[in-house]
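For reference, the structure discussed in these notes is given below.
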């Protein structure tokens, strides 16, 4: 389980079935899970007032949000960390923290139980875990990258500037000396080829008649 469950202060919620056992079809696992709540065979309302049955942690998380709202309503003087501590401290333990977190949320106990205020973060801190398991390998400096590059040649301030398109287009002199004679030769060559074809056909007709 990743973000936003890894953001400090977020209560990540796992899901359980109607018996209180972990729901492997409608839940998640991870070290950031805080508590668990029902996530199967939940009843919701669609637009228009029709009741539907649905499953998933998207239903379990609002249940925990409701418990937090009840705690804040009953104890408006509490700071956010103390509200979270009430939800965590009164949860009923079920099993592995990676699956259930602190346990199954208990709304009545979260509101009425005597829970001492906290001075730190109730959910702990992932800083050490990130340092050990998510740190990137140290990059090896490239000696070539630190070398001083050769200075680029200076561009003259004044002087003629070459036109990149000048060499791609023929000049008038080139057209007069090369283009026109080549065109004339091509026309004469085409006429000669056509006359040869006509003469060949005429010669074949004479042979057939003879």
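In the working numbering, the protein residues as written are 2 to 211.
Here a beta-carbon is modelled for each residue, glycine too, at the ideal position from N, C-alpha and C.
Residue 68 sits in a helix when the DSSP states are folded into three classes.
Excluding residues up to 5 positions away in sequence, 13, 15 and 102 lie with their Cβ nearer than 6 angstroms to the Cβ of residue 34 in the same chain.
In the structure shown, the three-state DSSP call for residue 100 is helix.
A distance of 9 angstroms or more separates the beta carbons of residue 44 and residue 76. Shortest Cα-Cα distance from residue 89 to any of 11, 194, 56 and 195 involves 11. CA-to-CA, the gap between residue 26 and residue 50 works out to about 27 angstroms. With fewer than 16 other Cβ atoms from the protein chains shown falling within 10 Å of its own Cβ, residue 187 counts as exposed.
Around the CB of residue 8, fewer than 16 other CB atoms lie within 10 Å, so the residue is classed as exposed. Taking the Cα positions, residue 82 is about 8 angstroms away from residue 118. Taking a C-beta distance under 9 angstroms as the contact criterion, residue 64 and residue 106 qualify as a contact pair. One alpha carbon belongs to residue 122, the other to residue 87, and they sit about 12 angstroms apart.
Counting only residues of its own chain and dropping the five nearest sequence neighbours on each side, residue 71 has a CB closer than 8 angstroms to the CB of 108, 111 and 112. Residue 112: member of the alpha helix (DSSP H) spanning 108-113, first to last residue.
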